[in-house]
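Numbering (this note's numbering), first residue to last: 128 to 237. Glycine included, every Cβ here is placed at the ideal spot set by N, Cα and C.
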Amino acid sequence: ETNCAIMAADQIIDFLENGNIRNSVNFPTLLLDRTTGHRIAFSNFNVPRMLNSVLSILADHDLNVVDMLNKSREEIAYNLIDLDRPASDELLTRIQAIEGVVNVRSVEGP
128 ETNCAIMAAD QIIDFLENGN IRNSVNFPTL LLDRTTGHRI AFSNFNVPRM LNSVLSILAD
188 HDLNVVDMLN KSREEIAYNL IDLDRPASDE LLTRIQAIEG VVNVRSVEGP
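Right, here's the structure in full:
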């Protein structure tokens, strides 16, 4: 029981600090090693043109994608995108406003 509790706590910490997901019932497993300290994480309905919409907003803000991972499980998708510099609150608001985006957050790290 202790080992399971430690494992669960470690997975929650990894989600909060890095956006990584393991052993979720509703979301796909998604693990992306950090390439920069600037990351956004977002979940969305798994529909066409979603990534194109998000990447267009990043380009509008002159942000470069350094690394990216997208995984889906049935109707839901989860994404981690490492950027060359921090995402602004305005950028996060624009992504959140896209129809089909469930949640978006900045995951700044070391």
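- Taken through DSSP and simplified to helix, strand or coil, V192 comes out as strand.
- V193 places its beta carbon 8 Å or farther from that of I225.
- R232 is bridged by DSSP to A168.
- Residue pairing of L210 in beta bridges, as defined by DSSP: H165, V192.
- R221 sits in a helix when the DSSP states are folded into three classes.
- Contact between N197 and A204 holds, since their C-beta atoms are separated by about 6 Å, short of 8 Å.
- Counting only residues of its own chain and dropping the five nearest sequence neighbours on each side, G146 has a CB closer than 7 Å to the CB of R166, A168, L207, V234.
- Counting along the chain, the unbroken alpha helix (DSSP H) around N130 starts and ends at 129-145.
- I203 is bridged by DSSP to F172, R200.
- P175 and D209 have their C-alpha atoms spaced approximately 22 Å apart.
- Inter-residue distance for H188 and Q223 is about 15 Å (C-alpha atoms, whole angstroms).
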